[in-house]
Structures are given as structure tokens and as C-alpha cells.
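There are 2 protein chains.
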Amino acid sequence: MENLTEQSASIISPAALLDHWQGHRRLTRKVIESFPEDKLFNYSIGGMRTFAALALEIMNISAKGVNGILTNEWVFTEELEPLFEDSDIKTKADILWAWDVITVELNRLFPEIKEERFQEQVKAFGQWDGEAINMILYFIDNEIHHRAQGTVYLRSLDIEPPAFWNRF
Amino acid sequence: MENLTEQSASIISPAALLDHWQGHRRLTRKVIESFPEDKLFNYSIGGMRTFAALALEIMNISAKGVNGILTNEWVFTEELEPLFEDSDIKTKADILWAWDVITVELNRLFPEIKEERFQEQVKAFGQWDGEAINMILYFIDNEIHHRAQGTVYLRSLDIEPPAFWNRF
Numbered sequence: 229m230e231n232l233t234e235q236s237a238s239i240i241s242p243a244a245l246l247d248h249w250q251g252h253r254r255l256t257r258k259v260i261e262s263f264p265e266d267k268l269f270n271y272s273i274g275g276m277r278t279f280a281a282l283a284l285e286i287m288n289i290s291a292k293g294v295n296g297i298l299t300n301e302w303v304f305t306e307e308l309e310p311l312f313e314d315s316d317i318k319t320k321a322d323i324l325w326a327w328d329v330i331t332v333e334l335n336r337l338f339p340e341i342k343e344e345r346f347q348e349q350v351k352a353f354g355q356w357d358g359e360a361i362n363m364i365l366y367f368i369d370n371e372i373h374h375r376a377q378g379t380v381y382l383r384s385l386d387i388e389p390p391a392f393w394n395r396f
Numbered sequence: 229m230e231n232l233t234e235q236s237a238s239i240i241s242p243a244a245l246l247d248h249w250q251g252h253r254r255l256t257r258k259v260i261e262s263f264p265e266d267k268l269f270n271y272s273i274g275g276m277r278t279f280a281a282l283a284l285e286i287m288n289i290s291a292k293g294v295n296g297i298l299t300n301e302w303v304f305t306e307e308l309e310p311l312f313e314d315s316d317i318k319t320k321a322d323i324l325w326a327w328d329v330i331t332v333e334l335n336r337l338f339p340e341i342k343e344e345r346f347q348e349q350v351k352a353f354g355q356w357d358g359e360a361i362n363m364i365l366y367f368i369d370n371e372i373h374h375r376a377q378g379t380v381y382l383r384s385l386d387i388e389p390p391a392f393w394n395r396f
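As you go down the protein sequences, you meet chains G and S in turn. Heads up, the first sequence is in the working numbering, so the first residue is 229 and it goes up one at a time. Heads up, the second sequence is in the working numbering, so the first residue is 229 and it goes up one at a time.
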């Protein structure tokens with residue numbers, strides 16, 4: 229990946245990037261809420277994962293990803309995507325509870341990342357090489373990507389998804 | 229929107245953000261290419277727009293958005309989403325051609341944006357207030373969002389989309 233800081237210019241601060249991410253996370257939470265309980269766990273299109281499974285991936289990557297950036301201790305992605313039936317998360321309320329715990333965790337951990345850490349090379353989840361900042365952008369982009377897939381599930385169920393611009 | 233530069237820390241440069249965006253644009257181009265010609269223009273799920281229409285929106289926002297940031301001359305979004313039959317773009321090859329023209333345009337225009345411009349308040353497309361940097365992130369996020377919807381269209385057509393991590 230390209231070096232995101234090879235120029236001297238500064239256009240995004242760590243605090244601002246966290247705010248941006250939490251805005252996206254507020255929207256993803258609304259998308260989770262929009263699913264009927266059963267459809268969250270049993271509906272998908274084209275052989276894809278359910279939105280519950282996608283939400284679980286997003287949560288795992290967010291929490292363990294930021295912890296990995298901070299501590300350089302990584303779990304492998306195989307451990308990130310447990311079979312859903314093996315996890316403690318069984319209901320929409322469980323997912324939203326876990327989501328909110330991670331919101332607090334991100335607000336606690338992210339500001340502990342030292343400024344110079346963002347440009348260090350990491351091996352995220354034991355397998356992806358790149359600068360820490362690129363990994364964080366990847367985590368956010370991955371969330372936007374899977375959330376958008378969930379909005380197609382919702383539309384196909386005749387449910388209007390929350391507006392993309394609504395990050396409040 | 230939050231002020232993305234209220235801290236002094238610098239974690240992303242303008243050149244790096246452009247590289248990041250062009251990486252996403254390379255992936256979106258692959259998604260366009262993955263559609264069969266007819267499905268690009270006539271297929272959707274749940275009453276949503278076709279992927280051709282979504283690609284046209286992405287292109288319009290990218291090109292006119294960056295031009296707006298640079299010049300402060302904005303077109304309204306009504307002009308951004310012409311009915312597809314009214315545009316000159318009729319085939320997949322037309323879309324890919326327009327896409328590639330915009331790739332060159334972005335590489336030309338983006339570096340002309342002065343560093344201090346990213347923190348200025350703009351009224352994007354005559355209606356959205358915020359900092360220029362937030363608007364650019366919005367353009368990129370909107371592309372990720374609609375591209376991901378296209379990947380669900382592809383999966384539902386039994387076509388494997390290009391890998392999300394492939395930005396080359």
C-alpha cells in the first residue's frame with residue numbers, strides 16, 4: 229500500500245478519524261436495528277452471509293483490529309469469524325449490546341495509539357502487511373462495504389434502510 | 229460534521245488520500261467490468277437503481293465533486309443524476325471510457341486543491357454544508373457503499389465479484 233504520509237500536509241487527525249468511524253458505526257447500528265429479528269439471522273442473497281454474521285465480522289475486526297494496532301498482538305482471522313452458533317451472540321439485542329461495548333472500547337483504545345504508530349508497518353491479523361493507518365482505513369471501508377450489502381437485503385425485504393448520510 | 233483537523237496530528241496527506249481513492253476506483257472499475265452488458269443496464273434488487281445508474285452517480289459525484297472543491301462552482305444534484313436514457317452513456321464500454329477519463333481528471337485536479345482548502349466550509353452541490361475534507365470522504369464512502377450494493381447484484385446473478393482487498 230502507498231505511504232499515506234509521504235507529503236507533509238495534514239488533512240485528518242486521529243481524533244477526527246475516530247469521529248468519522250464512530251459516525252459510520254452509528255449508521256451501521258441503525259441498519260442492524262432495521263432488520264426483523266429472524267431475517268437478521270436467516271436471510272441473505274446469492275449465498276452470502278447473513279447480516280448478523282457480517283455484523284459480527286465488523287465488530288471483531290473493529291475491536292481486535294484497533295487492539296492489534298495498539299498492542300501489536302494479533303489474533304488470526306480464522307478466530308475472527310467464529311461460526312455463529314458457537315458464539316454467545318444469539319439475538320439482535322445481543323448484537324446491539326456487543327456493538328455498544330465496542331463503541332466504548334474504541335473510544336478508550338483509539339486515543340492511546342501514539343501518533344507515530346499510524347505510519348508503522350504492521351502485519352494485521354498475522355497476515356496483512358501495511359501501514360497501521362491503511363489498516364484502519366481498511367477496517368472502516370470493510371464496514372461500509374458489508375453494511376451496504378445489508379441495505380440490499382433490507383430493500384429486497386421491502387424495508388427502507390436508514391439514510392446513508394445519517395451518521396447521528 | 230466534526231472538525232477533522234482540530235488536533236495537530238497528521239495521519240493522511242492529500243496525495244495519499246487520492247491514492248487511496250484511486251485504489252477504490254480501480255476496484256469499482258472491476259465491478260463494472262464483471263457485469264454482463266445487459267445486467268448492467270437492466271438488473272437490480274428491491275426496486276433499487278441498476279449498477280449502471282449507480283456507476284453514473286459515482287462518476288458524477290467524483291468528477292463534479294472534486295471540481296467543486298477546487299473551484300467552489302457547484303452543480304445541483306438534480307443535474308447529477310440524469311435519467312440514464314438522456315445521457316450519452318449507453319454501453320459498458322461507454323461507462324468504462326467515462327470512468328477512465330475521470331481517473332485522469334482526478335489525478336489532474338486533486339493535486340491543485342490547496343492544503344488549507346481541505347478545512348474550509350463548503351456547500352457541496354449547492355446543498356450540503358461541511359468541511360471540504362469531509363465532503364471528499366463522503367464521495368469515497370458513497371462509492372464504497374454503492375459498489376458493495378453492486379456486488380450483491382453480482383452474487384445474486386451467480387457471479388463472483390472481484391475481491392474487496394484488490395485495489396490494483
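The C-beta atom is built at its ideal place from N, Cα and C for all residues, glycine as well. Note that the structure is predicted; figures quoted are calculated from it, not measured.
Please report whether the beta-carbon of G:T379 lies at a distance below 8 Å from any beta-carbon of chain S.
G:T379 counts as touching chain S.
With 7 Å as the C-beta to C-beta threshold (strictly closer), list the residues of the stretch 280-310 of chain G near chain S in chain order.
Answer set for the stretch 280-310 of chain G: empty.
Go ahead and label G:L311 buried or exposed: buried means 16 or more other beta carbons lie within 10 angstroms of its beta carbon, across all protein chains shown.
Summary for G:L311: the model assigns pLDDT 45, below 50, so the residue's position carries little reliability; its value from the coordinates is reported in the next sentence. Its Cβ having fewer than 16 others within 10 Å, G:L311 is exposed.
One question on the structure: do G:A251 and G:R395 come within less than 8 Å of each other, judged by their Cβ atoms?
A small correction: the amino acid at residue 251 of chain G is Gly; Ala does not occupy that position in the sequence shown. Against a cut-off of 8 Å, the Cβ pair of G:R395 and G:G251 comes out as a contact.
Would you mind reading off the limits of the beta strand (DSSP E) that contains S:D357?
For S:D357, the enclosing beta strand (DSSP E) has its first and last residue at 356-359.
Can the beta-carbon of S:P264 be found closer than 8 Å to that of G:I239?
No, Cβ-Cβ distance for S:P264 and G:I239 is not below 8 Å.
Classify S:A283 as buried or exposed, calling it buried when 16 or more other Cβ atoms lie within 10 Å of its own Cβ.
Buried is the call here.
Name the DSSP bridge partner or partners of S:A352?
Paired residues: S:W356.
What did DSSP end up calling G:I240 once you bin it into helix, strand or coil?
G:I240 falls in the strand class under three-state DSSP.
Roughly how many angstroms separate the alpha carbons of G:M276 and S:E348, rounded to a whole number?
When rounded, the distance between both Cα atoms is 42 Å.
Once DSSP output is grouped into helix, strand and coil, what is the label at S:R254?
It is helical.
Any C-beta of chain S within less than 7 Å: which residues of the stretch 330-347 of chain G qualify?
If you check each beta-carbon in the stretch 330-347 of chain G against every beta-carbon of chain S, the ones closer than 7 Å belong to E343, F346.
Return helix, strand or coil for G:N394, following the three-state DSSP convention.
If DSSP states are grouped into helix, strand and coil, G:N394 belongs with coil.
Taking the alpha helix (DSSP H) that S:T299 falls in, what are its first and last residues?
279-299 is the extent of the alpha helix (DSSP H) around S:T299.
Can you tell me whether G:F346 is helix, strand or coil according to DSSP?
Helix.
Return yes when the Cβ of G:I372 is within less than 8 Å of the Cβ of S:D369, no when it is not.
Yes, Cβ-Cβ distance for S:D369 and G:I372 is below 8 Å.
So G:I323 and G:I260 are supposed to be a Cβ contact under 8 Å. How far apart are they, rounded?
About 6 Å; that satisfies the 8 Å criterion.
Report back the beta-carbon spacing between G:S262 and G:I387 to the nearest angstrom; my notes put them in contact at under 8 Å.
Yes, G:S262 and G:I387 are in contact; Cβ-Cβ is about 6 Å, under 8 Å.
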